[in-house]
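*Asks:* Numbering (the working numbering), first residue to last: 26 to 685.
Quick one: structure below, then a few questions.
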């Protein structure tokens with residue numbers, strides 16, 4: 026009986042308590058404040074100077090304070106750790122990691138040595154300069170870079186860039202010393218100015234690489250056939266015409282036999298490596314084995330006396346200082362700086378793209394800022410030690426990854442191995458045929474042509490594919506410089522056109538939600554009679570697009586008043602009462618933007634139509650207040666959301682109808 030009594034009494038008690046609480050809350054609760062009041066009473070946004078000071082406090086001073094609180098009380102050491110990541114991960118480095126890095130570094134060196142000699146030849150330099158470039162830049166990068174797998178050294182595309190552009194200023198055959206001085210100075214500018222440039226899109230890089238691969242391949246016909254007369258130009262027409270004209274001169278087929286035979290050998294080794302991932306060392310060792318075998322064949326058979334062209338002298342010894350060879354007061358300083366910037370764009374874009382792809386596989390984040398710093402200082406140091414522009418090589422990075430590298434210590438092992446080779450093996454390389462260097466370069470070119478990437482870009486974005494085609498055709502039929510300019514020019518033109526010709530979208534409400542979407546994207550969205558909701562899709566309302574946006578808004582209003590946007594409705598005039606502008610996408614506006622809004626307000630007011638502003642950003646609303654436009658539009662016509670604005674005017678119209 027007691028249990029039944031309490032069970033029956035509990036609901037009654039709860040009901041009485043809830044009624045008393047609700048009545049108490051109703052008496053104590055203040056009147057609901059509209060959301061727009063929060064917008065009106067917001068503080069002023071920070072000035073540019075305040076933002077700068079805040080950035081310094083957040084990113085510099087706070088970091089320093091945090092570092093001071095740590096155990097390491099030495100501020101110099103803390104700064105060095107931020108610049109040299111090797112001081113951080115080096116403390117956790119273990120012996121078992123070194124074993125993997127040692128094997129990866131030796132495997133990497135076996136591929137790097139023949140490629141470096143070939144790329145130096147492609148750049149118009151003596152073979153030892155390619156080996157120099159595989160010593161100092163990798164050592165600098167290993168201390169400053171954030172990628173664990175990226176293999177630094179000379180690459181084919183940058184070598185082609187240098188040879189094609191520097192040869193326009195100085196012929197490498199007539200005066201090789203002056204040519205080297207220009208190359209070292211351009212390398213210095215590539216390192217010093219590389220921090221400032223990042224203008225190349227992914228599509229432009231894919232097209233440029235494909236075009237450059239074809240041009241490089243055609244230029245290797247000189248070494249493959251052992252031709253003496255050959256052009257310095259890089260376009261396809263000039264190269265092919267030079268090949269056909271050179272074939273009429275005497276040439277020795279032994280060069281072609283040696284080069285093509287070892288090219289087939291390298292490609293077969295690569296095929297085996299792809300079929301079985303455990304045999305990754307076979308394609309990595311194949312170029313070095315080819316060089317050794319070809320050199321032995323030429324040496325034992327005296328093939329150089331039968332017309333086989335050989336490398337001849339490679340100066341032994343380590344990198345030589347080249348500070349005195351930098352020319353900052355020469356007649357071509359501006360053009361040399363331009364060459365450095367172009368090389369920096371390609372080198373930095375390729376290095377970051379390659380590094381990020383392998384970092385994603387390993388599951389860590391690549392720091393773009395540290396990569397720019399590391400590549401910049403690597404090339405600055407390289408220009409002072411007889412190196413030319415170095416960057417991350419995709420083929421060598423893939424070998425480094427497959428060999429199981431753990432850290433950039435593999436780059437250090439590779440650099441030390443190349444140093445030993447410079448001291449010991451240079452005399453042996455005297456009889457190395459140039460045809461084998463051409464075959465090594467040709468074997469590396471298929472990796473530069475990304476057909477699947479081009480098809481993906483075609484499916485994804487046709488305008489991006491246009492950038493790709495422009496870069497490809499420009500490099501192929503004009504020059505590498507023209508190809509880059511076309512790609513960058515089209516990319517910037519696209520950005521400018523989208524900024525000065527933005528869209529103005531008509532919005533409708535999705536049923537049973539407070540979400541407003543483009544009626545073309547969401548045909549099921551409903552429009553409210555008497556209201557026109559438009560969204561400006563430009564991040565800036567400025568001098569470049571203000572008049573265009575105003576005219577687009579007026580045209581949209583005219584279509585609604587004439588009934589053109591709804592075929593089922595009859596032609597109607599002055600039915601439109603309110604125009605709501607969704608400015609949630611507009612991040613800023615200038616004086617021209619304010620004037621355009623004022624003119625729009627006056628135009629609508631003359632037709633008894635109200636202009637309502639919804640979702641203005643902090644800085645936009647601050648500009649409107651300073652221009653006193655919010656007083657002309659009236660504060661009650663500014664809302665935090667589009668939904669609030671629509672609901673307000675729907676309720677107002679319903680109330681006026683009820684009163685009538």
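In this text, a Cβ means the ideal position worked out from N, Cα and C, and glycines have one as well.
Note that the structure is a prediction, hence the values are computed from the model and not measured.
(1) Alpha helix (DSSP H) containing residue 292: first to last residue?
(2) Is it buried or exposed for residue 630, if we count other Cβ within 10 angstroms and need 16 for buried?
(3) Are residue 298 and residue 280 close, meaning C-beta to C-beta below 7 Å?
(4) Measuring straight from C-alpha to C-alpha, what distance separates residue 347 and residue 481?
(5) What does the Cβ neighbour count give for residue 514, buried or exposed, with the cut at 16 atoms within 10 Å?
(6) What residues in its chain sit with their C-beta under 8 Å from that of residue 262, if we drop five residues either side in the sequence?
(7) Report the rounded CA-to-CA distance for residue 601 versus residue 517, giving the unit in angstroms.
(8) Relative to the C-alpha of residue 461, which residue among 311, 497, 634, 419 is closest?
(9) To the nearest angstrom, report how far apart residue 655 and residue 519 are at their CA atoms.
(10) Which runs of the alpha helix (DSSP H) spanning at least 4 residues fall entirely within the region 209 to 263, listed in chain order?
(11) Go to residue 658, then tell me how far its alpha helix (DSSP H) extends in each direction, as first and last residue.
(12) On the three-pair Cβ rule with 8 Å, is the region 252 to 260 touching the region 225 to 236?
(13) Spatial neighbours of residue 607 within its chain, please: C-beta separation below 8 Å, excluding the five flanking residues on both sides.
(14) Where do the N-terminal and C-terminal ends of the alpha helix (DSSP H) with residue 627 fall, by residue?
(15) If we count Cβ pairs, one from each stretch, closer than 8 Å, do we get three or more for the region 469 to 481 versus the region 149 to 166?
(16) Is the beta carbon of residue 206 closer than 7 Å to that of residue 350?
(17) To the nearest angstrom, report how far apart residue 143 and residue 471 are at their CA atoms.
(18) Return the CA-CA distance between residue 578 and residue 636, expressed in angstroms with no decimal places.
(19) Report yes if the CB atom of residue 671 is closer than 7 Å to the CB atom of residue 634, and no otherwise.
(20) Quick check on this structure: which residue in 170, 497, 407 has the alpha carbon closest to the alpha carbon of residue 210?
(21) Following the continuous alpha helix (DSSP H) through residue 326, name the residue where it begins and the one where it ends.
(22) Am I right that residue 374 and residue 225 are in contact with their C-beta atoms under 8 Å? What's the rounded C-beta distance?
(23) Three-state secondary structure (DSSP) at residue 392?
(24) From the DSSP output, read off the bridge partner residues of residue 664.
(25) May I have the straight-line CA-CA distance separating residue 241 from residue 393, to the nearest angstrom?
(26) Is the beta carbon of residue 322 sitting closer than 7 Å to the one on residue 329?
(27) Quick check on residue 53: buried or exposed, where buried means 16 or more other Cβ atoms within 10 Å of its Cβ?
(28) I'd like the list of long-range same chain contacts for residue 57, defined as Cβ closer than 7 Å, with 5 residues on each side in sequence excluded.
(29) Residue 156 to residue 405, Cα distance in whole Å?
(30) Among 294, 389, 326, whose alpha-carbon lies nearest the alpha-carbon of residue 313?
(31) What do you reckon, are the CB atoms on residue 454 and residue 245 nearer than 7 Å?
(32) Locate the beta strand (DSSP E) running through residue 475, then write down its first and last residues.
(33) Opposite residue 561 in the DSSP bridges: which residues?
(34) Flag this pair as yes or no: are the beta carbons of residue 508 and residue 369 separated by less than 7 Å?
(35) Do residue 159 and residue 391 have their CB atoms nearer than 7 Å?
(36) Under 8 Å by Cβ, that's how I've got residue 395 and residue 197 pegged, so tell me the actual separation to the nearest angstrom.
*Replies:* Working from what's here:
(1) Along the chain shown, one-based indexing puts residue 292 at 267. Residue range 278 to 300 is occupied by the alpha helix (DSSP H) that includes residue 292.
(2) In the chain shown, residue 630 corresponds to position 605, counting from 1. By the C-beta density criterion, residue 630 is exposed, having fewer than 16 other C-beta atoms within 10 angstroms.
(3) Along the chain shown, read from residue 1 onward, the residue named residue 298 stands at position 273. Along the chain shown, read from residue 1 onward, the residue named residue 280 stands at position 255. No, the Cβ-Cβ distance between residue 298 and residue 280 is not below 7 Å.
(4) The residue given as residue 347 occupies position 322 in the chain shown. The residue given as residue 481 occupies position 456 in the chain shown. Looking at the two C-alpha atoms, the distance is approximately 45 Å.
(5) As a first step, residue 514 must be located in the chain shown, where it is residue number 489. That one is exposed.
(6) In the chain shown, counting from the first residue as 1, residue 262 sits at position 237. Closer than 8 Å at Cβ, skipping near neighbours: 502.
(7) In the chain shown, counting from the first residue as 1, residue 601 sits at position 576. In the chain shown, counting from the first residue as 1, residue 517 sits at position 492. If I take the Cα positions, the gap works out to 39 Å.
(8) Locating residue 461 in the chain shown gives position 436, counting from the first residue. If we check each option's Cα against that of residue 461, 311 comes out closest.
(9) Start at 1 with the first residue of the chain shown, and residue 655 comes out as number 630. Start at 1 with the first residue of the chain shown, and residue 519 comes out as number 494. Cα to Cα, residue 655 sits roughly 34 Å from residue 519.
(10) 227 to 244, 246 to 250
(11) On the chain shown, residue 658 is found 633 positions in, with the first residue counted as 1. From DSSP, the alpha helix (DSSP H) with residue 658 extends over 654 to 658.
(12) no
(13) Counting from 1 along the chain shown, the entry for residue 607 is found at position 582. Result list for residue 607: 532, 541, 558, 559, 560, 561, 639, 640, 667, in chain order.
(14) The residue you call residue 627 lines up with position 602 of the chain shown. Looking at the DSSP string, the run of the alpha helix (DSSP H) that includes residue 627 is 616 to 631.
(15) Judged by pairs of C-beta atoms under 8 Å, the region 469 to 481 does not touch the region 149 to 166, as fewer than three such pairs exist.
(16) Taking the first residue of the chain shown as position 1, residue 350 is located at position 325. Taking the first residue of the chain shown as position 1, residue 206 is located at position 181. Contact: yes.
(17) For this step, residue 143 is matched to residue 118 along the chain shown. For this step, residue 471 is matched to residue 446 along the chain shown. Approximately 16 Å between the Cα atoms of the pair.
(18) Start at 1 with the first residue of the chain shown, and residue 578 comes out as number 553. Start at 1 with the first residue of the chain shown, and residue 636 comes out as number 611. Each residue's alpha carbon lies about 11 Å from the other.
(19) Residue numbering aside, residue 671 sits at position 646 when the chain shown is read from its first letter. Residue numbering aside, residue 634 sits at position 609 when the chain shown is read from its first letter. No.
(20) As a first step, residue 210 must be located in the chain shown, where it is residue number 185. Nearest of 170, 497, 407 to residue 210, Cα basis: 407.
(21) For this step, residue 326 is matched to residue 301 along the chain shown. Residues 306 to 326.
(22) In the chain shown, counting from the first residue as 1, residue 374 sits at position 349. In the chain shown, counting from the first residue as 1, residue 225 sits at position 200. That belief holds up - the Cβ atoms of residue 374 and residue 225 are roughly 5 Å apart, short of 8 Å.
(23) Your numbering for residue 392 matches position 367 in the chain shown. Residue 392: coil per DSSP, three-state reduction.
(24) Against the chain shown, residue 664 aligns to sequence position 639. Beta-bridge pairing links residue 664 to 639.
(25) Against the chain shown, residue 241 aligns to sequence position 216. Against the chain shown, residue 393 aligns to sequence position 368. Going by the C-alpha atoms only, they are around 29 Å apart.
(26) Counted from its first residue, the chain shown places residue 322 at position 297. Counted from its first residue, the chain shown places residue 329 at position 304. Result no, Cβ atoms of residue 322 and residue 329 do not sit closer than 7 Å.
(27) To locate residue 53, count along the chain shown from 1; it is residue 28. Because residue 53 carries a pLDDT of 38, less than 50, the predicted location of this residue cannot be relied on, and no value is offered for it.
(28) By one-based count along the chain shown, residue 57 stands at place 32. Only weak support exists for where residue 57 lies, its pLDDT of 42 falling under 50; the coordinates are left without a value.
(29) The residue given as residue 156 occupies position 131 in the chain shown. The residue given as residue 405 occupies position 380 in the chain shown. Answer to the nearest angstrom: the Cα atoms are 17 Å apart.
(30) Residue 313 sits at position 288 when you count from the first residue of the chain shown. Looking at the Cα atoms, 294 is the closest of the given residues.
(31) Residue numbering aside, residue 454 sits at position 429 when the chain shown is read from its first letter. Residue numbering aside, residue 245 sits at position 220 when the chain shown is read from its first letter. Between residue 454 and residue 245, the C-beta spacing is not below 7 Å.
(32) Residue numbering aside, residue 475 sits at position 450 when the chain shown is read from its first letter. Counting along the chain, residue 475 falls outside any beta strand (DSSP E), and DSSP gives it neither H nor E.
(33) For the purposes of this step, residue 561 is taken as residue 536 along the chain shown, with counting starting at 1. DSSP lists 529 as partners of residue 561.
(34) Working through the chain shown from its first residue, we reach residue 508 at position 483. Working through the chain shown from its first residue, we reach residue 369 at position 344. Against a cut-off of 7 Å, the Cβ pair of residue 369 and residue 508 comes out as no contact.
(35) Position 134 of the chain shown, counting from 1, holds the residue named residue 159. Position 366 of the chain shown, counting from 1, holds the residue named residue 391. Using a Cβ distance threshold of 7 Å, residue 159 and residue 391 do not count as a contacting pair.
(36) If you number the chain shown from 1, residue 395 lands on position 370. If you number the chain shown from 1, residue 197 lands on position 172. So it is not a contact: roughly 35 Å between Cβ atoms.
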